[in-house]
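Q:
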Amino acid sequence: MRELTLYETIFLLAVTRQSGNAYGVTIRAEVARISGRAIPYGTLYSYLDQLFRKGYLTKALGSATSERGGRSKILYRITPEGVDALKEAFRIQKTVCLGLDQFLKAKA
Amino acid sequence: MKSSRALRWLAAMSPEGERFAVLGDLEEERRLCGKDGRTPVLFEIWCWGQILRSLPRFLKNCLEWRIQMFKSFVKIAVRNMARHPGYTLINILGLALGLAGCGLIFLFIAHETSFDRSWPEADRIYRVAEEVKSEASTRQYAGISYPFAPAVKSGFPAVEDAARMAQLGPRLVENGEKRFYEEGMFAADPEIFAVFGFPLAEGNPETALVNPDAAVISKAVSAKYFGSEPALGKTVLLNGKPLQITGVFDRLPSASHLKISWLLSMGTIRPFLGREMENWQNTMANTYLKVRPKIDVAAFEKEMSGLADKYIGDRLRQGGQTYRYFLQPVSSIHLESNLLDEMEPPGNRTLLVLLAAAAVLILLIAGFNFINLSTARSARRAREVGIRKVVGAVRRHLVLQHMGESALMTLLAAAAAVAVTVLVLGAFNRLAGTDFSIPDLLSLRVLGFGLAVLALTAFGAGLYPALILSSFKPAATLKGSFASGRRGAALRRVMVVGQFFAAALLVAGTLMIVRQVDFMKNRDLGFAKERKFFLPIRGNSSWTARSEEVKAAFLKHTSVLGAAASSSVPGRSFSSFNVVLEEKGAGSNWSMNHLFIDAEFLKVYDIPMAAGRPFDAALAADRTDDWDEPPVFLVNEAAARTFGFASPGEAVGKLIRTGCGGRTGTIIGVVRDFHYAGLQQAIAPLVMEWFPEMFRGLTLSLGPSPIGETLATVEREWNGRFPGLPMAGLFLDEDFNRQYRSDERTLAIVRLFSGLGLFVACLGLFGLSAFLAEQKRKEIGIRKTLGASAAGIAARFSGSFLGLVLLANVLAVPAAWLAMNRYLGGFAYRAGVSAWPFVAAAGLSLAISFLTVAFQSMRAARTNPADTLRNE
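Sequence order for the protein chains is A and B.
Just so we're aligned, residue 15 is where the first sequence starts under our numbering, counting upward by one.
Just so we're aligned, residue 93 is where the second sequence starts under our numbering, counting upward by one.
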C-alpha cells in the first residue's frame, strides 16, 4: 500500500466528516476549512476520481433536487481500504509529530 | 436552465462521468451566492476565476497521457529502427542524400536569383540599354552613349540620379615594387555612389570621383598595395601615370553583375575618349538610373525611349537607323539580360531550370525509396497494428503514429543531411564557383525552405504507408494468415519505374551535356590553336611602332617558330565598329568585329584564304601607319555573306568604310571562317586590318622543344625587352576553352546530382531486393530442393526488377530528348542528339541495378535450403 499524500489525506478526512452527505459542495467546503485553500471546481473531481481509482472511495448517485437544477449528486463513501490508508497516515503523522510541540514551544 | 459558457467549461475540465455532478454543485453554489446577495455578474466572474485556478492541474493531467502515448510511439519506432539497422540506414541515407542534394541546389538557385537585390532600394535602380535598328539588323546593347546620362538627368524629373560606368581592360598598376595587371576596373561618374547607395569606408563620396586621375578602390585592393597602411591620399602609377587614391569601399555584394575593384574618375579616361564623350552613337557607357519613388516606370520608359531622336534625329534618319532606349531592373540583369557588351557573362537560366528539375527528381527518388521500403516491411508491423487495434486504438491514432515515425525518420535524415551539406560545402563551392559559408545555411530563406521540404517529405512519404498499415484487419493479422508484403506490390513496381525513370533522365541528360562540351572543345576551330603562346603587352604603348623588331627578337630563338602581332586573339574580346558597304550607301550599316593583325598572323594561325590575297609583308601599301592613310581590309566569309555576296570572291575589290576612324578602303581578300569566339555563338562577321598602332600583344608559335625551357627563354627575352613589366602570357588553347567554363560548370554540377540520383535509386533497389529476397527465402529453398541452380534462381529473381528498370529507361527517352533539345538550343553549334546517351544511360542503370539485385539474389540462392525450411 502506498502512503497517502497530504491532499489525499485531507480529502479522505473531509469525506468521513460528512456522515453520508459527502458530495462536491460539502467536500470542497470541508477541504477548504481543513487546508485553508479552496479547490477550484475544475480540479475537484479529478482529485476525487484519483482516490476512487485507487479504491479508497466508492461513488453512488444521490438524489436530484431542484436547488441543483435537477442534477443528481455523486455521493462519496470511504472504503475499508480507505480507512486502512487513513489509519496508516494517522500513524505516520503521529510519529512525525511526536515531541514536536515541545520542541516548537522551546524554540518559541 | 441553460448553463453559461464558464459553467460548461468548468464541467468539461472534470472527468467525463462526473460532469453532471459538477453542474449540480455549481447550481447549488450559485444559489448560495444569491442568498449572500451576490449578483449573477459576480458569480460569473467567480466561475472564470475557478477555471483559471484549475488550469495548471488540468493541463498537467491531459498532457500526461499524451506524453505517455507519445513516448510509447517513439519507443516502438526506435526499437523498430534498431531491429532492422540495414533498412533504417538505407532509408535515412537515401533521404539524407536526397535532402542534402536538394538543399545545395536550393542554395545555388537562391544565390543566382539574388543577384543585385541587396543594393539599397534596388527596386528603383535601372540600367538603360539600347536597341539599334537598321534595315539590315536589330541589335541590343548593354552599353549606351556618354551624352545620354546628362541628357536624361536634366530632361526628366523622374530621374533622381544617373551614373555612367565604363568597363576598362586590364591595366598595369604600380606602387613601388608592387606591380600587377588589374582587372575589375571601371571609370564612373561620382553619382555612382548615390545610384547604388554604397558608402565609402574612407573618403568623401561627393568629391572622390570629381577630379581627373583619382580612383576609389576596394579594401582588398588597398590591402594588396598598401598592406595595413591607409590608402587614402596615396598615389600609384596607372599605366605609368600618377593616380591618386581618393576613397576605399568595403566589400560590395558578391551577388552582383558588377565586380568592381577599381573606380576611376571619368576625368581619368577622358583624354582617351576625346570626342566620344559627345558621340551619341557609341555603346561604351553602361548607364544606371535611380528613379524617384512611386513614379510610373512604364510611362517614363516610353517618354525617354526616343531621346536620341531629339539630338541626332537627322543623322539617324539619313542612316536609316532608329535608336530606342529601354530600362532593365538591375536585379533582372544577371539572369534575364543577354545583350551585346554585357559586363559579365550572364547567369545560366537553363542550368537553374535543369537543377530545379534535378532537385525535384532526387527528392522523388528518395521519397519513393521510403514509401517502398515502408510498405514492403508492412508485414513485420502487421502484428503490432493488430494488437493495437484489439486494445482499442482507432485508425486516426495509428495513422498519426506511422506519420510520426516517418517524421522521425525524416528528422534523422535531415540531421544527417545537414552534416553532409556542411562537409561537402567547400567542394561544392569549388565546383559551382560560389562562396557559400556555413552561416549562409542559417539564413531565414534556407531554414524556411528546409522546413517546408522536411514537412513535405515527412507527409508525402509517410501518408501512404500510414494508410496501408493502419488499414490492416486485426483478425487477419493475428491469425497469422496475413499475406505479407503483397500489399502495394503494384504500386511498388510503379515507384521503381518512377525512380529509374528519373535516374535515367538525369544520366542521359548528363551524357548529352558531356557530348556537347566535348564537341565544343574538340571541334576544328578553323585555325591552329596548339602551342600558341599569347603575350598581352600592356603599360608600354611605344612598342607598336617597333613591333617588327620585337618579333624578330623573339624569333631569333630556335624554339619560337613564328611570331605575330595583333590587337586580340581568338577567345578574347574584339572591338566592334559600324561598317558601311560603299556601293550600297549609308543605308547599309552593320556593326562588325574588328581585328588588327600583321602580315604574319594568318600564317601563324594557319587560317586559309577563301578568295583574294592576304596581307603581304613586302607591300607597304597593305600596312596602315597613320589615321590619314587609306587602309586595305581582309574580311571573313561571314562578313562577305552579310554584305550580300553570294561567293567570297565577289567581295574582293569592294570598298567599305569603317566606324573606326571613319576611313574607307578596299577589301583585298576574304579569309575562311574561323571560330574566334566560343561555339555557343555563330561565327560573326569580322574585318581585319594591318594597323600596328592597334596592336595589344604578340602570339608566339612554339616549337616541339620542352615547354619549360622554351618559356624560360621567352621570359628572359621579355625581361630584356620590357623591363619592369610582368610577363602575363597564356596558352591559347587553354584560354580559348575558358569560354566553356560555364558549360563545364553546368556539367560538373549536373553530373554530381545525376550520380546522386542514380545512387539513391540503387540504394532503394538494394533495400527492396534484400527484403524481397528474405521474404522468398522459403520459395527459394523449395526451388533448390527441387533442383534449381543458384544461377537460375538469381536470374529469375533479378529478371522482374531488370524488366522494370528497362521499362523506366524506355519511358525516359522522349522526356530526356525534349529536355536536351531545349538545352542544346542555346548553342549555335550542336553535337546533335544521338542515340548513344540513351543507350549508355540505360546500360549504366541496368548494369548497376543488375549488380545490386544479383548480389542479393545470389546471397539468397546460395543459402542451404535446409536452413530456411527446417523451422516449418
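Virtual Cβ for every residue (Gly too), placed ideally from N, Cα, C.
Can you give me the C-alpha to C-alpha distance between S498/B and G76/A, rounded to a whole angstrom?
A: Computed Cα separation, rounded: 51 Å.
Q: In chain A, which residues lie less than 7 Å from E120/B when you measure between Cβ atoms?
A: Result: V39, E81, R82.
Q: P148/B and D63/A - do their beta-carbons sit closer together than 8 Å?
A: Their beta carbons are not under 8 Å apart, which means D63/A does not touch P148/B by this criterion.
Q: For chain A, find out if any of its Cβ atoms is closer than 8 Å to the Cβ of D527/B; answer yes or no.
A: Closer than 8 Å: no.
Q: Taking only the alpha-carbon atoms, compute the straight-line gap between L598/B and P304/B and give it to the nearest angstrom.
A: Going by the C-alpha atoms only, they are around 55 Å apart.
Q: What does DSSP give as the partner residues of D253/B in its beta bridges?
A: DSSP output for D253/B lists K382/B as bridge partner(s).
Q: Taking its Cβ as the centre, do 16 or more other Cβ atoms sit within 10 Å of N35/A, making it buried, or is it exposed?
A: Flag for N35/A reads exposed.
Q: Sorted by chain position, which residues of the same chain lie with C-beta nearer than 6 Å to T40/A's C-beta, five sequence neighbours on each side aside?
A: Contacts found: Q32.
Q: Say whether the segment 745 to 764 of chain B touches the segment 719 to 735 of chain B, bearing in mind that this needs 3 or more beta-carbon pairs closer than 8 Å, one atom from each stretch.
A: Contact between the segment 745 to 764 of chain B and the segment 719 to 735 of chain B is present, because at least three Cβ pairs lie under 8 Å.
Q: Can you check whether the C-beta of Y59/A is within less than 8 Å of a C-beta belonging to chain B?
A: By this cut-off, Y59/A is an interface position.
Q: Just by C-beta distance, which residues in the segment 42 to 56 of chain A are closer than 9 Å to chain B?
A: Hits within the stretch, in order: R42, A52, I53, P54, Y55, G56.
Q: Taking F159/B as the query, report the chain A residues whose CB atoms sit under 7 Å from its CB, ordered along the chain.
A: The question names Phe, but residue 159/B in the sequence shown is Ile. The contacting residues do not exist; I159/B stays about 17 Å from chain A at best.
Q: Let me know if D720/B comes out buried or exposed under the rule of 16 or more other beta-carbons within 10 Å of its beta-carbon.
A: Exposed is the call here.
Q: Given the structure, does S96/B come close to the ligand ZN, in the sense that its CB is under 7 Å from one of the ligand's heavy atoms?
A: Inclusion of the ligand ZN in the displayed structure is not the case, the ligand content being empty and no account of it being possible.
Q: In chain A, what lies closer than 7 Å to E497/B by C-beta?
A: Within 7 Å Cβ-Cβ: nothing; E497/B doesn't reach chain A, min ~32 Å.
Q: Could you tell me whether the segment 850 to 863 of chain B touches the segment 653 to 673 of chain B, where touching means 3 or more Cβ pairs closer than 8 Å?
A: Taking 8 Å as the limit for Cβ pairs, the verdict is that the segment 653 to 673 of chain B does not touch the segment 850 to 863 of chain B.
Q: Which one or two residues does DSSP pair with I759/B in a beta bridge?
A: According to DSSP, I759/B bridges with F725/B.
Q: Could you pull the DSSP bridge partners for W354/B from this structure?
A: Answer by DSSP bridge pairing, in chain order: M277/B, I309/B.
Q: When you compare each of S424/B, R409/B, F162/B, S651/B to S680/B by their alpha carbons, which one comes out closest?
A: The candidate whose alpha carbon is nearest that of S680/B is R409/B.
Q: Tell me which residues share the same chain as P334/B and place their Cβ nearer than 8 Å to its Cβ, disregarding the 5 neighbours each side in the sequence.
A: So the list reads D305, T327, V328, once near-sequence residues are dropped.
Q: Indicate whether the contact test is met: 3 or more Cβ pairs, each with one atom in the segment 766 to 773 of chain B and one in the segment 836 to 848 of chain B, closer than 8 Å.
A: Too few Cβ pairs lie closer than 8 Å, so no.
Q: Using three-state DSSP, classify R664/B as helix, strand or coil.
A: Coil.
Q: Between the alpha carbons of L747/B and K676/B, how many angstroms are there, rounded?
A: Cα to Cα, the separation comes out at about 10 Å.
Q: Please classify S892/B as buried or exposed, where buried requires at least 16 other C-beta atoms within 10 Å of its C-beta.
A: When all chains shown are included, S892/B counts as exposed.
Q: Would you kindly work out how many angstroms separate the C-alpha atoms of K87/A and E121/B, rounded to a whole number?
A: Cα to Cα, K87/A sits roughly 13 Å from E121/B.
Q: So which of L65/A, A78/A, E81/A has the shortest CA-CA distance to L100/A?
A: Ranking L65/A, A78/A, E81/A by Cα distance to L100/A puts L65/A first.
Q: Please state whether DSSP places N371/B in a helix, a strand or coil.
A: Coil at N371/B, not helix or strand.
Q: Got a sec: is the Cβ-Cβ distance from S106/B to anything in chain A below 8 Å?
A: Closer than 8 Å to some Cβ of chain A, the Cβ of S106/B qualifies, so yes.
Q: List, in chain order, every chain A residue whose beta-carbon is nearer than 8 Å to that of E110/B.
A: Under the 8 Å cutoff, chain A gives Y59, L62, D63, I88.
Q: In whole angstroms, what is the alpha-carbon distance linking G69/A and L124/B?
A: Their Cα atoms are separated by approximately 32 Å.
Q: Ordered along the chain, which non-local residues of its own chain (more than five positions away) have a Cβ less than 8 Å from that of D253/B?
A: So the list reads K245, E283, A286, V287, L381, K382, once near-sequence residues are dropped.
Q: Indicate the three-state DSSP secondary structure (helix, strand or coil) for G847/B in the structure shown.
A: Three-state DSSP puts G847/B in a helix.
Q: Any Cβ of chain B within less than 8 Å of the Cβ of R91/A?
A: Taking Cβ atoms only, chain B never reaches closer than 8 Å to R91/A, which makes this a no.
Q: Which one of G663/B, A550/B, L647/B has the shortest CA to CA distance from T802/B?
A: For the residues G663/B, A550/B, L647/B, the minimum Cα distance to T802/B belongs to L647/B.
Q: With a CB to CB cut of under 8 Å and the five nearest residues on each side skipped, what residues in its chain are close to A615/B?
A: One point to set straight first is that residue 615/B is Arg, not Ala, in the sequence displayed. These residues qualify, in order along the chain: H767, L771, Y921.
Q: Using a Cβ-Cβ cut-off of 8 Å, state whether M93/B counts as contacting chain A.
A: With a pLDDT of only 44 at M93/B, under 50, the local geometry of the prediction cannot be trusted, and the value read off the model is given with reservation. Yes - at least one Cβ of chain A is within 8 Å of the one on M93/B.
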